[in-house]
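Undergrad: My questions all concern the structure below.
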Amino acid sequence: MRIRHLAYVSLIALALASCNDTLESASIDLSTVKNKVEQPLPSHILADMTKKGIDRNSPIMIRIFKEEGVMEILKANQSNRFEVIADYKICAWSGRLGPKVKEGDRQAPEGFYMLTPANLNPNSKYYLAINTGFPNRYDAANGRNGANLMIHGACSSSGCYSMTDQQVLEIYAFARDAFKGGQKAIQLEAFPFRMTAENMVKHRLSPNIEFWKMLKVGYDNFEVTKRPPEVEVCEKKYVFNQQATGPFNAGGKCPVMTTPPALQTALLSYGKQYDADYSAALKKYDGMAWYDPTEAERKAVVAKQRKGHDLAYAPTGTALAAGKMMKVADLESMMANQSAQQLARGGTVSSPTTNPSTASIRVATAAPEATAQQPGGPVLAANIPANVPIPMANPMNSGVNPLAYAPQPMETAQTEPAKKPPFWKFWAKSE
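Encoded structure:
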């Protein structure tokens with residue numbers, strides 16, 4: 001009995017150290033797969049793509065929503081708009097809502113990352129893996145650090161997004177086929193939740209809200225264009241789809257930037273509806289806010305799923321299932337107690353704490369000519385950030401030479417690829 005206990009403690013300690021230090025073997029039997037790197041997508045997915053007129057090798061993008069525990073694969077259709085072709089329940093992600101800040105904080109990354117063929121690892125000890133590319137330019141400019149943050153199999157995570165082996169087999173195949181079709185970089189967008197007005201109201205007291213508002217600019221632009229935004233970094237902030245007079249420097253001053261008029265108009269229309277929805281949500285949740293559950297609380301909800309599995313199989317559940325709406329006063333008291341307990345154990349207080357003084361995050365809307373100057377360039381209205389996006393260039397199959405597929409064996413973060421000029425002119429004309 002004591003030996004079993006020590007073995008269990010050892011496994012937990014390994015899991016806490018790094019997502020690359022848990023058990024190397026997965027408990028899922030995929031013995032029928034002859035070549036996992038070249039395993040084709042399931043016939044039902046291929047049939048669905050054919051029905052929708054989507055080419056098997058057309059570009060993809062990946063979106064992650066932590067709170068729901070969902071990963072979406074989107075593919076470009078014949079209009080070069082991206083639509084969801086598959087979605088998966090994330091088996092395990094560690095920490096709480098909020099970005100990864102430093103090595104060992106057990107946080108899974110949030111932000112915008114570019115994946116190249118070099119990010120694919122066919123030799124991962126977690127069946128298959130895709131390096132998220134953390135830290136990216138934004139992370140590095142803000143002093144955030146960490147390594148080997150993956151999307152991988154085995155359903156066990158300490159900072160990664162861990163899937164089942166069957167899921168990662170499909171996700172890997174989507175990426176492989178897109179690269180073979182000529183896509184040079186896949187955009188990975190990792191969000192804390194779907195950035196609807198209601199969710200932004202629920203989380204308005206989070207200390208991460210300013211960071212999330214910045215991510216929301218990119219989120220909104222995808223919702224408007226249905227194309228991955230072009231992402232730059234300047235003044236240590238994300239900048240989405242801006243026409244600039246000069247180069248971008250992650251830690252330096254932003255160049256003069258402008259937003260294509262057609263996109264500006266579309267965003268204003270989107271913003272008006274969001275504004276109305278936000279006001280309605282404020283009334284609905286007056287005096288209430290969302291409690292973001294701990295990882296332990298999420299795991300408790302799905303504890304039954306572990307029965308019959310190896311100890312390495314460690315689903316963490318969704319924050320939606322374990323969290324709840326609470327009175328603001330009660331939430332503040334609960335979070336203060338959690339912070340005090342964490343400090344008493346010799347730890348540091350992480351991001352999930354409330355800040356009652358946080359102002360409303362209502363996004364203002366105005367006529368296109370109502371602009372105000374802020375650091376980083378012009379904005380649409382006094383409270384709208386300057387980084388308003390335009391579509392990002394993603395090569396379609398026609399006229400694009402396929403990349404030589406050469407996955408790399410090492411699980412190391414990769415530098416982001418050089419970008420091609422955006423096709424904002426095409427987008428403005430086509431609208």
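When we follow UniProt numbering, the leftmost residue of the sequence shown carries the number 1, and every step to the right adds one.
Think of the CB as a built atom: it goes at the ideal place given N, C-alpha and C, for glycine as much as any other residue.
Quantities reported herein were computed from a predicted structural model and do not represent experimental measurements.
What would DSSP say about Val-217, mapped onto helix, strand or coil?
TA: Reduced to three states, the DSSP call for Val-217 is helix.
Undergrad: With respect to the beta strand (DSSP E) encompassing Met-150, which residues constitute its N-terminal and C-terminal limits?
TA: Its beta strand (DSSP E) spans residues 150-152.
Undergrad: Where do the ends of the alpha helix (DSSP H) carrying Ile-171 lie?
TA: Start and end: 165-180.
Undergrad: Beta strand (DSSP E) containing Leu-74: first to last residue?
TA: Its beta strand (DSSP E) spans residues 70-76.
Undergrad: Looking only at its own chain, which residues have a Cβ that is under 8 Å from the Cβ of Ile-45, when we skip the five neighbours before and after it?
TA: The answer, listed in chain order, is Ile-85, Ala-86 and Glu-170.
Undergrad: With a threshold of 8 Å on Cβ separation, who are the neighbours of Asp-277 within its own chain once the five nearest residues in sequence on each side are excluded?
TA: The answer, listed in chain order, is Thr-196, Ala-197 and Glu-198.
Undergrad: Can the beta-carbon of Thr-294 be found closer than 8 Å to that of Ala-92?
TA: Not a contact, by the Cβ cut-off of 8 Å.
Undergrad: Helix or strand or just coil, what does DSSP make of Cys-19?
TA: Its pLDDT being 49, under 50, Cys-19 is placed unreliably in this model, and the value from its coordinates should be taken loosely. In this structure, Cys-19 counts as coil in the three-state DSSP scheme.
Undergrad: Would a C-beta distance cut-off of 8 Å place Arg-81 and Lys-284 closer than the cut-off?
TA: Contact flag unset, no.
Undergrad: Please classify Ala-340 as buried or exposed, where buried requires at least 16 neighbouring CB atoms within 10 angstroms.
TA: Label assigned to Ala-340: exposed.
Undergrad: Have a look at Gln-166, Ala-262 and Glu-68 and flag the residue whose alpha-carbon is nearest the alpha-carbon of Leu-97.
TA: The shortest C-alpha separation from Leu-97 is found at Glu-68.
Undergrad: Measuring alpha carbon to alpha carbon, tell me which of Thr-32, Met-61 and Ala-321 ends up nearest Ala-178.
TA: The candidate whose alpha carbon is nearest that of Ala-178 is Met-61.
Undergrad: I need the boundaries of the alpha helix (DSSP H) containing Ala-140, first residue and last residue.
TA: Note, Ala-140: alpha helix (DSSP H), 137-141.
Undergrad: Tell me which residues share the same chain as Leu-320 and place their Cβ nearer than 8 Å to its Cβ, disregarding the 5 neighbours each side in the sequence.
TA: Taken in chain order, the residues that qualify are Glu-67, Glu-68 and Gly-69.
Undergrad: State the DSSP-derived secondary structure class of Gln-183, mapped to helix, strand or coil.
TA: Coil.
Undergrad: Return the chain-ordered list of same chain residues with a C-beta closer than 6 Å to the C-beta of Gly-246, the five sequence neighbours on each side being excluded.
TA: Hits under 6 Å: Pro-255.
Undergrad: Within 10 angstroms of its Cβ, does Pro-135 collect 16 or more other Cβ (buried), or is it exposed?
TA: Buried, since its Cβ has 16 or more Cβ neighbours within 10 Å.
Undergrad: With DSSP run on the structure shown, which of helix, strand or coil describes Val-328?
TA: Val-328: helix per DSSP, three-state reduction.
Undergrad: Please go through the same chain and pick out, in chain order, the residues whose beta-carbon is closer than 6 Å to the beta-carbon of Ser-279, but skip the five residues on each side of it.
TA: No residues qualify anywhere along the chain.
Undergrad: Tell me the residue span of the beta strand (DSSP E) that contains Leu-115.
TA: Its beta strand (DSSP E) spans residues 111-115.
Undergrad: What is the DSSP secondary structure of residue 515, counted as helix, strand or coil?
TA: Beyond the ends of the chain as shown, which are 1 and 431, falls residue 515; an answer cannot be given.
Undergrad: Alpha carbon to alpha carbon, how far is Ala-314 from Met-214? Give it in angstroms, no decimals.
TA: Cα to Cα, the separation comes out at about 32 Å.
Undergrad: Quick one: what does DSSP say Leu-30 is sitting in, helix, strand or coil?
TA: Leu-30 falls in the coil class under three-state DSSP.
Undergrad: Tell me the rounded alpha-carbon separation between Leu-311 and Ser-156.
TA: Those two C-alpha atoms are separated by around 9 Å.
Undergrad: Quick one: give me the first and last residue of the beta strand (DSSP E) that residue 432 is part of.
TA: For residue 432 there is no data in the structure shown, the boundaries of the chain being 1 and 431.
Undergrad: What is the rounded straight-line gap between the Cα of Asn-57 and the Cα of Gln-78?
TA: C-alpha separation (whole angstroms): 12 Å.
Undergrad: What does the alpha-carbon distance come out to for the pair Leu-74 and Met-49?
TA: Taking the straight line from one Cα to the other gives about 11 Å.
Undergrad: Helix, strand or coil for Gln-341 per DSSP?
TA: It is helical.
Undergrad: Under 8 Å between the Cβ atoms of Ile-151 and Thr-164?
TA: No.
Undergrad: With respect to the alpha helix (DSSP H) encompassing Asn-199, which residues constitute its N-terminal and C-terminal limits?
TA: 197-202 is the span of the alpha helix (DSSP H), which, as asked, contains Asn-199.
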